[in-house]
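Please read the structure below before turning to the comments.
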Amino acid sequence: MNYKLICIDLDGTLLDDECQISEKNKQALKAAVDRGIRIAFTTGRLFTSARLHASKAGIKVSIIGSNGAYIREIDGEEAIFQCPLDRQGVDKVCDVIEKYNLDINFNTFDRVITDYELPPTNNHVLANKTVSEELKIKFGVHKNLREIYDIYKEGLFKVLMFSKNGTETIKKARLELEEFGGLEIASSKADNIEVMAKGMTKGRGIKTLAEILGINEEEIMCIGDSENDISMFNASGLKIAMGNATEELKAMADYVTETNINSGVGKAIEKFIL
2 MNYKLICIDL
12 DGTLLDDECQ
22 ISEKNKQALK
32 AAVDRGIRIA
42 FTTGRLFTSA
52 RLHASKAGIK
62 VSIIGSNGAY
72 IREIDGEEAI
82 FQCPLDRQGV
92 DKVCDVIEKY
102 NLDINFNTFD
112 RVITDYELPP
122 TNNHVLANKT
132 VSEELKIKFG
142 VHKNLREIYD
152 IYKEGLFKVL
162 MFSKNGTETI
172 KKARLELEEF
182 GGLEIASSKA
192 DNIEVMAKGM
202 TKGRGIKTLA
212 EILGINEEEI
222 MCIGDSENDI
232 SMFNASGLKI
242 AMGNATEELK
252 AMADYVTETN
262 INSGVGKAIE
272 KFIL
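If you're matching positions, the sequence shown starts at 2 in my numbering and goes up one per residue.
Here it is in structure tokens:
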């Protein structure tokens with residue numbers, strides 16, 4: 002099969018544990034692009050964060066950000082698809098945040114919004130110190146989270162929720178959000194919840210981008226590691242799980258590559274593309 006599109010998760014997949022892209026991964030990505038293959042960073046991260054990593058990789062990519070809720074070319078002026086949370090969804094999320102005393106990040110396409118000042122050790126804060134103004138992530142701090150829906154007219158595309166009180170609290174909060182019924186719920190780790198507008202998944206994002214590009218499902222290769230990559234697997238012809246992936250994802254995979262700290266993405270591209 003001649004694959005035309007490679008959809009790649011970032012955290013735990015393309016990025017190592019220090020949030021860096023290895024030289025081997027960079028070389029494999031560039032070689033694939035040189036062969037005319039499209040690359041899509043398919044991630045829960047907001048667009049600006051994913052764009053930063055694309056700039057570090059030195060390649061042109063499409064970005065399926067916020068778990069499929071925001072799609073844009075790296076050099077595009079506007080989104081080619083977007084679906085933000087509605088007011089009812091944001092209100093329900095705020096109810097759950099207050100009830101379970103959760104820590105949160107709301108994301109627009111270029112901004113992280115919290116109800117507390119992010120510490121200097123936060124990955125986004127650290128990244129901003131070394132990049133140009135156009136690549137920097139913006140921040141917003143609001144003690145009253147219910148006001149942000151009306152403030153950020155560009156749209157709220159994802160909420161990341163986590164708890165210092167452990168996974169039991171997260172499980173209860175997730176159950177309540179699922180029972181609400183009007184939201185898409187996923188997770189990238191056992192201790193977090195990711196909330197998007199209903200129907201917004203990585204898989205939906207891949208299908209939308211592939212339709213725009215005129216690429217069939219069987220011509221798509223994807224690489225991922227966690228629960229929020231399941232929908233991506235269901236929308237791709239060739240499914241590659243990382244060596245550090247969840248057991249559920251490995252069971253769905255056509256092939257299991259090396260871990261994210263051993264350039265598993267680059268090795269998978271070498272095996273199936275180059």
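Think of the CB as a built atom: it goes at the ideal place given N, C-alpha and C, for glycine as much as any other residue.
- Going by DSSP, Ile-213 is part of the alpha helix (DSSP H) stretching over 203 to 214.
- Look at Gln-21 here: in three-state DSSP terms it is coil, with no helix or strand label.
- Here Gly-183 is not bridged, per DSSP, to any residue.
- DSSP, reduced to helix, strand and coil, places Lys-159 within a strand of the structure shown.
- Rounded to whole angstroms, the Cβ separation of Leu-11 and Asn-26 is 11 angstroms, and the two are not in contact under 8 angstroms.
- For Glu-78, the closest C-alpha among the options Glu-135, Ile-98, Glu-24 and Cys-95 is that of Glu-135.
- Between Ile-207 and Ile-186 a beta carbon distance of about 19 angstroms is seen, past the 8 angstroms cut, so the two are scored as non-contacting.
- A distance below 6 angstroms between beta-carbons, with the five flanking residues on each side excluded, links Leu-275 to the following residues of its chain, in chain order: Ala-32.
- Just measuring C-alpha positions, the residue of Lys-272, Ile-262, Glu-271 and Lys-173 sitting nearest Ser-23 is Ile-262.
- Judged by beta-carbon spacing, Phe-163 lies within the 8 angstroms limit of Leu-103, meaning their Cβ atoms are closer than that value.
- When Gln-89, Ala-252, Arg-46 and Asp-116 are compared, the shortest CA-CA separation from Thr-109 is found for Arg-46.
- Taking C-beta atoms as the reference points, Ala-254 and Ala-236 fail to come closer than 8 angstroms.
- For Met-233, the enclosing alpha helix (DSSP H) stretches over residues 231 to 234.
- Approximately 6 angstroms separates the beta-carbon atoms of Thr-115 and Val-142; this is inside 8 angstroms, confirming the contact.
- Close CB contacts of Val-113 within its chain, under the 8 angstroms cut and outside five residues either way in sequence, are with Leu-47, Asn-106, Phe-107, Leu-119, His-125, Ile-138, Lys-139, Phe-140 and Gly-141 (chain order).
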